[in-house]
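A.B. asks:
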Amino acid sequence: MKKFLSVLIASLMLTGVLAGCGQKTNTAPANSSSGTSTQAAAKKEPKDTLIALAISTTQNDFMAMVEKQLGDRFKAAGYKFESASADGNSQKQIEQIENFITMGASEIIVMAVENTSVTDVCKKAMEKGVKIYAFTTNTGSYDAFMGSDESKVGESIANLASKWVDKAFASAGDKTVNAVIFSYSGNPDAAARSKALASIAEKNKKVKITKTVELGDNNTDTALKATENLMQTNPETNVILCYNGSMAIGVNSYAMSPNSLIKDKSKFGVFGSELTTEVTKAIEDSKDNKSVLRGTAQLGGDIMAAFDNIVSNSIKMLNGEQYQKDDFAKIDEIDVDNIASFKH
2 MKKFLSVLIA SLMLTGVLAG CGQKTNTAPA NSSSGTSTQA AAKKEPKDTL
52 IALAISTTQN DFMAMVEKQL GDRFKAAGYK FESASADGNS QKQIEQIENF
102 ITMGASEIIV MAVENTSVTD VCKKAMEKGV KIYAFTTNTG SYDAFMGSDE
152 SKVGESIANL ASKWVDKAFA SAGDKTVNAV IFSYSGNPDA AARSKALASI
202 AEKNKKVKIT KTVELGDNNT DTALKATENL MQTNPETNVI LCYNGSMAIG
252 VNSYAMSPNS LIKDKSKFGV FGSELTTEVT KAIEDSKDNK SVLRGTAQLG
302 GDIMAAFDNI VSNSIKMLNG EQYQKDDFAK IDEIDVDNIA SFKH
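Its first residue numbered 2, the sequence shown is counted upward by one per residue in this note's numbering.
#1: Using three-state DSSP, classify residue 171 as helix, strand or coil.
#2: Which one or two residues does DSSP pair with residue 147 in a beta bridge?
#3: I need the boundaries of the beta strand (DSSP E) containing residue 294, first residue and last residue.
#4: Around the C-beta of residue 187, are 16 or more other C-beta atoms found within 10 angstroms, so that it is buried, or is it exposed?
#5: Kindly indicate which three-state DSSP category residue 210 falls into: helix, strand or coil?
#6: Please list, in chain order, all residues of the same chain as residue 119 whose beta carbon is under 7 Å from its beta carbon, the five residues on each side excluded.
#7: Contact between the segment 256 to 270 and the segment 225 to 235 is defined here as three or more beta-carbon pairs at a separation below 8 Å; is this criterion met?
#8: Could you check if residue 76 is buried or exposed, using at least 16 other CB atoms within 10 Å of its CB as the buried criterion?
#9: Classify residue 155 as helix, strand or coil using the three-state DSSP reduction.
#10: Using 8 Å as the cut-off, can you tell me whether the segment 213 to 222 makes contact with the segment 168 to 180, which would need three or more C-beta pairs spanning the two stretches below that distance?
#11: Do residue 48 and residue 79 have their beta-carbon atoms positioned less than 7 Å apart in this structure?
#12: Helix, strand or coil for residue 270 per DSSP?
#13: Going along the chain, which residues of its own chain have a beta-carbon closer than 8 Å to the beta-carbon of residue 281, five neighbours each way excluded?
#14: What residue does the beta strand (DSSP E) around residue 55 start on, and which one ends it?
#15: Less than 8 Å between C-beta atoms, sequence neighbours within five positions excluded: which residues of the same chain meet that for residue 100?
#16: I think residue 185 touches residue 225, with their Cβ atoms under 8 Å apart; what is that distance to the nearest whole Å?
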């Protein structure tokens, strides 16, 4: 199993968020925040300490997995754990964070729907002595942050697609491989990642971007339907670059369905981000064209190690020990050639 370099990257999704590989790393005493906290939380026993997760959504497999893995780990360490899903609603998330403050949470892990919308409520929490762990998105006010440059994630997805194009279309001329982007701009970070997907045209002269489709939801069903519609109007499409893994699974589901208009699977590829069990199997199956999901960009590598890092860093922070304040994740580019190194 691939190890990370060092935490953060752990952050972004994991240890960096994802695990480990830190680019800029700072340590800070647990009573140090971004300069906005005026009250340090009193140390409590784990059984008396509530850790809360304010998650943007649990409506896709990846986010549901994040909620479960963090909850299981904190509970195993003896802490009380509560979570609340904002279902993509910024105002709902603000109210949930305020509720966690009222409940007496010692730490709130925030996966923001929209990072700037929760800045003030996170600052309010810190002023009351609640630790804020900003996860995947920078909330502006926080005690610890695990995340990454979302533009780099988009560029990594484009790198994977470009590499595959050179193999699948070795003798293709300039601008003869047709690419479509499935973007999602539900928050600034998502918009930055989606915008960077277009860098494939700069990376590979064979590629021509024929269309960008903005999807209102970043889930599997929405992407499946969008692919079905796309192939009716743009059947010449060879590559689809997706904002995330759930979208990529949706594209793959259509491509491998009986009614698919994609007849030559060897000349079609879809790419996204995140590494779930479903994405892993799809990438493995792509070796024999039993899948067209060819690659994924993963923040920080081993996602399970990332969750461990979040818990251990939180415990240090709550206990007044030195901890990792800012973790900026590295990004692993995963395809059929190296997928075995990332299996759990």
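For every residue, glycine included, the Cβ atom is placed at its ideal position computed from N, Cα and C.
C.D. replies: By the coordinates alone:
#1: coil
#2: 136, 328
#3: 294 to 300
#4: buried
#5: strand
#6: 94, 95, 98, 111, 113, 140
#7: yes
#8: exposed
#9: helix
#10: Output reads no: the segment 168 to 180 does not touch the segment 213 to 222.
#11: yes
#12: strand
#13: Here the set comprises 340, 343, 344.
#14: Annotation for residue 55: the continuous beta strand (DSSP E) segment containing it runs 51 to 56.
#15: 85
#16: Their Cβ separation, rounded to whole angstroms, is 15 Å, which puts residue 185 and residue 225 out of contact at 8 Å.
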